[in-house]
Amino acid sequence: MFWGHSRNGSGNGVPEALADHIRRVDDFAKKFSEPLDLSAAASISALMHDIGKYSDRFNNYVQGRSGCSSPDHWSAGARLVISALGGHNEQRFHLLDAIRLVIESHHSQLSKLSTPRESARRLDEYFASNSRLKCDEFAILMDRWRKDGFQLPGLGDERLASADAAAMLESRLLYSCLVDADFLATEGHFSGDVAIPYQPRSLAPEFDFGAAADHLESIMSSLPQSQPEMQWVRDHVGVQCRERALDASGLFTLTAPTGSGKTLAMLLFAFRHAEKHGHRRIVFVMPFLTIVSQTAQVIHSALSSLPGFDPSWVLEDHSLAGRNVNGAADSENPEEMELAREQRLEADNWDAPIILTSSVKCLESLHANRPSVCRKLHRLAKSVLIFDEVQTLPPKLASLTLATLTHLSHRFGSTVLFATATQPAFEMLESEDRPPLPNLRSPGQLSGNPWAPTEILPEHDKLFKVTAGRVKVKWWLDEELPLSEVASKIAKSDRSSLAIVNLKRHATQLFQEIRDRRCEAYHLSTSMCAEHRDQTLKLVRHRLAEGRPVKLVSTQCIEAGVDFPQRSFEGGWRSMAPLPSIAQAAGRINRSFEYAAASVLNVFRPNVEGAHYPPGYGAGITALQTLLTSLMEEGIHPDETELISSPELMQRYYAILYRLTGEAAMTDKLLAAVEGLDFEGVSSEYRLIDCEQRNILVGYNKAAQENLLAWHARPNQQRGWTRDWMRAARPYTVTVYEFEFKKLTAAGCLFPIPFGAEEHLVPEECRWWALPEDAGHYDPNVGLEVPQEDGLLEV
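Using the working numbering, the first residue of the sequence shown is number 335, and each one after it goes up by one.
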């Protein structure tokens, strides 16, 4: 008997036979790969992934015999599968090499795709230099494997795509099938004991998309009526989403004004589309956690009255979804505690009908190379993916992202919807007259199929004309305005005003200037922890709903997707920014025609020392200034245009951004990694957030901070506690850039919170730190206050 795993039941149970483990992994992998049409490749990967465990060395190790360290049990399968299925092939895009790669990497990380011949040569060199396993043992391993009743299926017609991004996506999804199968089978063994040796987790609950769509339509029809103009817009968006849901699966865009009811309309589209085409799940992807939380509330509210409602239908997978600060479930109810446990497990592999996640989590996973991150990816096949506020996608990642999503749709039957009020001109990346930049590749070049979405609202310009009367923009272009002057204008007004600036230090300064004028004001920025921001927004929304004047100073964190459902602001100010940001700022003002007269958004250039905007804004501002100059040369003053409400002018803006600034070109390292089929390189370079950041656990809620620190200090923690702790800490954490971190450590007000291997590093290497409540530097109004030094940029 050959063993696959040691005894379960905390060492008091039973070991798992290797043949049983391989069969369980094979069953899972074949099931997961059905929507991929890669069942043979997945089965081969599963059958060969642990063949190295048939070695005497591994069996000595698993039985705990002294002197035996953990042997390499994955490389043998990688080499043997090449020999078994034709190892002399020199084709670059060959499915056999993808199978080799996922077997070799199932306990490490995806490295590179090569050719079967080159991979065989490299592995032979590895075995020649490794005294633990020799090539002449392979026959023994294969013989033992066959005696357990295994044989390899043929690949049949299964092939690997011949475009770079497409081949990499297919390899990741195949990898996902294997590693998720291996995780689940292993988990099932170690969840068992003597009485029940194998205890797999429960499957996702059944979900009736048709019944959910019927229920949602009844809810939408009974919602309170808005002002006539906005009600017509919302009705039109809802009707079109319902009708277009019957279209074939593929790529879609939804371009609709802010406040037009996109969230419920997109949910209806997804339910009806999944019902029509048999999609397995719906994945909502949003750029900011505030939007994720809002959308979760909307979906839970809509579904909670559906007969047979099951809370596990909806899974939130983002940094604020997790356990409470005591390290236990939020409820003492055993059923709710079990639900919390199951949802933490489901977050690993997205086994739920409705997923809510962040852009970072979804898109970086689609371009990752680690097993724990990639294991959920097979769930995206034959699914509906809705990306909200897509204007936040960094242009340099646009082509690769679109290529990946295009192939996910074209090859694996998924539907992808891009929604926003400021739809980027991504189609330009496919046009023949796209900018002649060395590093610019079209999505079609990278995936083999062009980005060619269908617009759900082809006449969306009519909707923007209706909503254009909500807000007029006054452009202060002739001179820069001191923040003190802006503060005076806001303080003197008896109306609710929203002021959005580009930098945290500008927000703090403007907030203080308003307060100095004996005017009550509120502040919102990422200097505040998430719980602090949520409480501030709750208070602001309440005051607005009561009709009381509110002055709110914020950074751009308020712009995309933050809703004010009962009443929005009556006017506003916005520091000069890229055009989509200005349009999103306008969407927080007079959102539903609550105010009879058109509100005014003042766009100004602040007269401040140092930087005017954060990294990444320069190209967008240059493109906007170029557009404004062009309009004035045409005899059109910006004040006289509906610049923020014109899809045509928004497209002109993006055309300038892509052509004149080169923003859509990939970086040298990212392009080289894609063309070199280098998974590690792509994972390293594909980052939605460029800058290195540290996590500071602040004392906004003193009791929460104390509980978290006590939890961290406990000995003999349960498996997986680190992830649970970090999720619980997120609401009370502020992320800071490296230069801010250095200022805080220089002030001596932080202490490290090490995890795992960090305990053996110098403290400065830790990613998590704590700011004690009594150390100062966390203001109840503006959040974390970073000590200032001349010459250092504040972002």
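All C-beta atoms, glycine included, are put in the ideal place defined by N, C-alpha and C.
Residue interval of the beta strand (DSSP E) (run including residue i)
i    : result
G338 : 337-339
V617 : 616-620
A911 : No beta strand (DSSP E) holds A911; DSSP gives it neither H nor E.
F898 : Per DSSP, F898 belongs to no beta strand (DSSP E) and is neither H nor E.
Y388 : Note, Y388: premise wrong, no beta strand (DSSP E); not H, not E.
D722 : 718-722
R480 : Not the beta strand (DSSP E): R480 falls in the alpha helix (DSSP H), residues 472-481.
T754 : 749-754
F484 : Per DSSP, F484 belongs to no beta strand (DSSP E) and is neither H nor E.
Cα-Cα separation between residue i and residue j, rounded to whole angstroms
i     : j     : result
R829  : P729  : 37 Å
F586  : S717  : 14 Å
M862  : A953  : 28 Å
H857  : P816  : 19 Å
A1109 : V1032 : 10 Å
M502  : L623  : 29 Å
S439  : D581  : 39 Å
A432  : L447  : 7 Å
A545  : F603  : 13 Å
E672  : R535  : Any reading at E672 needs caution, since the residue's pLDDT is 42, under 50, leaving its predicted position unreliable; the model's value is listed next. Distance between the alpha carbons of E672 and R535: 12 Å.
M564  : L512  : 49 Å
R341  : P687  : 34 Å
P349  : H339  : 6 Å
R568  : P591  : 10 Å
A495  : H866  : 48 Å
W479  : A412  : 15 Å
E424  : S417  : 13 Å
E766  : I892  : 37 Å
K387  : A351  : 11 Å
A989  : R745  : 30 Å
R1198 : V1068 : Residue numbering for the chain in the displayed model covers 335 to 1129; residue 1198 lies beyond these limits and cannot be assessed.
Option nearest residue i by Cα separation, candidates the options
i     : options                 : result
Y987  : S979, L958, L585        : L958
L783  : Y509, L763, L637        : The question names Leu, but residue 783 is Asn in the sequence shown. When only C-alpha atoms are compared, the closest one is L763.
I916  : Q779, A755, G803        : A755
R357  : L372, G343, N342, A376  : A376
P369  : Y947, A715, G1090       : A715
A825  : A753, V884, T1067, K796 : V884
W1103 : A499, P972, L1084, H611 : L1084
V1008 : L774, A353, V934, A864  : L774
A999  : F721, F760, D973, Y1112 : F760
Q443  : R455, Q628, S510        : S510
S555  : L837, R576, E540, P539  : R576
T614  : W647, T801, K1036       : Residue 614 is actually Arg in this sequence, not Thr. Residue W647 is the option with its Cα nearest to R614.
K1076 : E1040, E1026, D1113     : E1026
Cβ shell of residue i (< 8 Å), same chain only, five flanking positions each side left out
i    : result
V821 : The amino acid at residue 821 is misidentified as Val; the sequence shows Ala. For A821, where only same-chain residues beyond five positions count, the Cβ hits under 8 Å are L844, E847, I848, D850, R851.
G488 : A374
D347 : A quick correction: the sequence has Gly, not Asp, at residue 347. Same-chain partners within the cutoff: R341, G526, D527, V528, P531.
Paired residues, beta bridge with residue i - DSSP
i     : result
E764  : The partner list for E764 (beta bridge, DSSP) is empty, contrary to what the question assumes.
V648  : I688
V887  : A833, H857
S933  : V805
W810  : F938
K446  : D1012
E521  : Answer by DSSP bridge pairing: none, since E521 is not bridged.
I923  : F903
Q1027 : Y1071
D1113 : G1117
V348  : DSSP output for V348 lists no bridge partner at all.
T842  : DSSP output for T842 lists no bridge partner at all.
Cβ-based neighbour list, residue i, same chain, cut-off 6 Å, excluding 5 preceding and 5 following
i     : result
G803  : A932
F484  : L381
A500  : H741, S781, G782
L1004 : E1019
Range covered by the alpha helix (DSSP H) that runs through residue i
i     : result
Q574  : 562-578
F366  : 352-367
T735  : 732-746
Y988  : 981-995
V1032 : V1032 -> no alpha helix (DSSP H), and no H or E assigned at all.
F603  : 596-611
Contacting residues, own chain, Cβ-Cβ under 7 Å from residue i (five flanking each side not counted)
i    : result
L700 : L711, T738
A308 : Residue coverage of the chain in this structure runs from 335 to 1129, which leaves residue 308 outside it and unanswerable.
L965 : P972, T975
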